[in-house]
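Residue numbers (the UniProt record's numbering), protein chains in the order written: chain A, 1 to 341; chain B, 1 to 341. C-beta atoms are modelled at their ideal positions from N, C-alpha and C, and glycine is treated no differently. Take a look at the structure below.
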DNA sequence: CTGAAAGCGCTAACAT
DNA sequence: ATGTTAGCGCTTTCAG
């Protein structure tokens with residue numbers, strides 16, 4: 001394996017100069033630099049990251065802890081993080097920590113045990129206070145996405161606001177019988193997403209002077225089958241059927257629409273459905289949705305940690321800060337035509 | 001940061017002994033070992049991976065190159081790979097290489113440039129011969145999943161056989177008008193999956209003495225919307241409608257079923273649909289499916305590369321070897337009742 | 001079974 | 001602007 005010494009010899013300079021020329025740190029004359037670069041590439045030289053990490057203390061790796069990969073939201077975040085990281089010249093170490101205790105400890109051990117990452121990005125991680133302090137004890141930049149992590153700067157959209165916007169959109173279209181299909185407020189891994197979206201919904205109704213009771217809201221699993229099941233129930237009885245539904249997530253909304261279509265209910269003609277996320281499948285179902293860009297959140301988190309790495313002293317926005325996603329009503333997709341009023 | 005020297009001092013032994021005790025390599029008396037371990041954990045000592053990599057030449061990292069994350073098949077592989085790697089004590093470096101040229105070269109540069117992985121797993125990577133040789137030139141264990149990579153041991157299911165099994169299942173149930181909805185044979189990133197599944201389908205028909213013409217097969221995009229679009233076309237005309245459909249992937253099958261239900265066609269009563277993959281959403285649509293376990297392929301690939309790492313001399317099965325997935329007909333879900341004979 | 005010592009390949013002062 | 005030199009923290013002969 002060709003090392004820095006070979007390059008130095010070929011270029012007729014010292015190892016130090018090669019290091020400076022290739023890393024861009026320190027003064028090197030343009031002429032020398034190009035000679036070194038030529039030598040390096042002709043030899044196919046590449047720095048040994050272990051050697052350079054050993055002396056600099058920097059690994060150029062960022063660890064990502066994520067609870068699942070096989071769901072649109074999480075996969076999107078991961079894609080965004082990966083893209084941003086690669087772009088900035090960092091590598092991504094993936095830790096898919098599931099709920100099982102054994103795996104959790106293993107991951108935390110690895111992180112704490114191996115000093116191989118410069119920073120950590122934690123995605124909707126549900127962790128105990130002690131796990132948090134273990135993370136913090138690393139003394140490395142950390143950013144969270146999607147769930148407030150006590151003591152850790154976290155990114156997420158403004159759920160209350162998003163829900164309110166969605167609901168107001170329906171109200172503006174003339175709907176008065178609007179129902180909310182959301183997640184179970186008592187669910188694990190909630191991070192108050194469900195309760196916040198419910199709150200935004202209720203606030204919007206209230207502002208518009210519309211009544212809200214326990215029939216205005218129903219909880220289900222946060223995926224397509226969840227929405228489907230509930231959709232069949234809600235829409236089965238024509239007398240109780242709302243004219244519009246605000247689903248807390250596109251996946252739920254899609255389930256509802258599938259159910260509706262099977263029942264011969266046309267969306268959006270007979271029933272308006274709006275969701276949050278802008279899930280790619282939405283287009284197929286004529287779904288109106290507020291755009292949440294998990295990939296952008298991922299990119300943002302990367303910015304946060306890298307900025308801390310590269311300009312010491314800089315600190316991300318305070319704990320639990322909430323960065324609103326771009327909320328876009330794709331009105332072209334939504335043409336609700338309420339029967340009521 | 002506490003180093004090996006501190007541990008040695010506290011345990012009253014030399015650095016060398018600490019190293020042996022903690023790494024498990026070399027002779028250390030049981031008594032000494034436990035003293036060292038106690039010292040290490042009381043100090044919260046962890047080895048510096050850069051230092052140890054520098055001297056051993058091993059990083060304990062495996063690189064994974066994958067073209068996309070946000071799709072069931074790919075995410076499943078990634079989950080399987082991650083699980084297996086974590087289990088064996090390796091870390092996973094993720095490289096999501098999309099089609100854009102810039103990103104590709106960047107990834108390949110990183111791999112070639114940084115010597116930070118011990119092995120590489122390439123998922124359905126469509127690479128040029130020179131990229132292949134770049135990979136091979138790394139001189140590190142490599143395994144591919146899903147697409148035959150010239151010169152690289154690759155895992156995939158037996159597509160022809162899977163398609164044949166699925167089709168035979170329908171034939172056995174009495175169907176004679178069976179249609180295949182598959183991917184476009186001329187598609188990029190094909191790896192012959194589409195043509196192989198088509199071939200298996202045709203062979204099954206032929207063996208059963210059933211006719212097959214150009215109307216027996218239709219190509220579409222390999223996802224839910226793709227299946228939906230085609231479903232509407234195929235099933236719209238009651239006279240041409242087949243009694244059964246073999247979809248080349250569950251996602252396509254699900255699209256077809258959604259279309260069928262909207263048309264008032266009951267699955268599986270009026271129409272049998274079978275797919276390949278055992279996609280989790282299948283259950284919601286009463287879909288019969290052959291089980292493909294991408295996560296298991298991921299785990300297998302990990303075994304291959306790690307085995308090469310840990311027992312030099314061992315070699316994985318020859319190039320392009322095909323490992324059949326577990327093919328499970330979930331007959332409980334499928335109750336086709338053909339109108340024809 | 002344990003210790004001493006020689007690096008692994010590079011970077012960062014410090015000189016020049 | 002470039003060269004010299006002293007390690008970074010660990011593993012691994014080689015002695016004992």
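query                                                                                                                                    : result
For residue 287/A and residue 213/A, the rounded distance between their alpha carbons                                                    : 26 Å
Inside the UniProt domain "HTH lacI-type" (2–56) of chain B only - alpha helix (DSSP H) runs reaching at least 4 residues                : 4–11, 15–23, 30–43 and 49–56
Beta-carbon gap between residue 183/A and residue 222/A smaller than 7 Å                                                                 : yes
Enclosing beta strand (DSSP E) for residue 180/B [first to last residue]                                                                 : 178–183
Contact list for residue 132/B against chain A, beta-carbon separation under 9 Å                                                         : What residue 132/B touches in chain A: nothing, since even the nearest Cβ is about 17 Å away.
Straight-line Cα distance separating residue 121/B from residue 101/B                                                                    : 20 Å
Neighbourhood of residue 299/A by C-beta, 8 Å cutoff - its chain only, sequence neighbours within 5 removed                              : 80, 81, 83 and 84
Below-7 Å beta-carbon distance, residue 294/A vs any chain B residue                                                                     : no
N-terminal and C-terminal residue of the beta strand (DSSP E) that residue 144/A is part of                                              : 142–145
Residue 124/B burial status per 10 Å Cβ neighbour count (16 or more: buried)                                                             : buried
is_contact[residue 221/B, chain A] using C-beta, thresh 7 Å                                                                              : no
Secondary structure of residue 224/A, DSSP reduced to three states                                                                       : helix
Contacts around residue 37/B, its chain only, beta-carbon distance under 8 Å, and the 5 residues preceding and following it disregarded  : 21 and 22
Contacts around residue 333/B, its chain only, beta-carbon distance under 6 Å, and the 5 residues preceding and following it disregarded : In this prediction, residue 333/B scores a pLDDT of 46, lower than 50, which makes its location untrustworthy; the coordinate-derived value is nonetheless stated afterwards. 286 and 288, listed in sequence order.
Partner residues on chain B for residue 225/A, Cβ-Cβ distance less than 8 Å                                                              : 281, 283 and 284
Beta strand (DSSP E) segment containing residue 288/B, residue limits                                                                    : 288–291
4 or more residues per run - each alpha helix (DSSP H) lying fully within the region 56–88 of chain A                                    : 72–87
N-terminal and C-terminal residue of the beta strand (DSSP E) that residue 245/B is part of                                              : 244–247
Residue 269/B at chain A interface by Cβ criterion, 7 Å                                                                                  : no
Cutoff 7 Å: residue 251/A Cβ touching any chain B Cβ                                                                                     : no
7 Å Cβ cutoff met for residue 197/A and residue 244/A                                                                                    : no
Best match in 295/B, 49/B and 265/B for proximity to residue 278/B [C-alpha to C-alpha]                                                  : 295/B
Contact set for residue 338/A: own chain, Cβ-Cβ below 6 Å, skip 5 residues either direction                                              : Here residue 338/A scores only 47 on pLDDT, less than 50, and its place in the model is too uncertain to base an answer on.
Chain-order list of residues whose beta-carbon lies under 6 Å from that of residue 241/A (same chain, five-residue window excluded)      : 235
Residue 96/A at chain B interface by Cβ criterion, 7 Å                                                                                   : yes
Short-range partners of chain A found in the region 131–154 of chain B, where Cβ spacing is below 8 Å                                    : none
DSSP three-state assignment for residue 272/B, whether helix, strand or coil                                                             : strand
Span of the beta strand (DSSP E) around residue 315/B                                                                                    : Residue 315/B -> no beta strand (DSSP E), and no H or E assigned at all.
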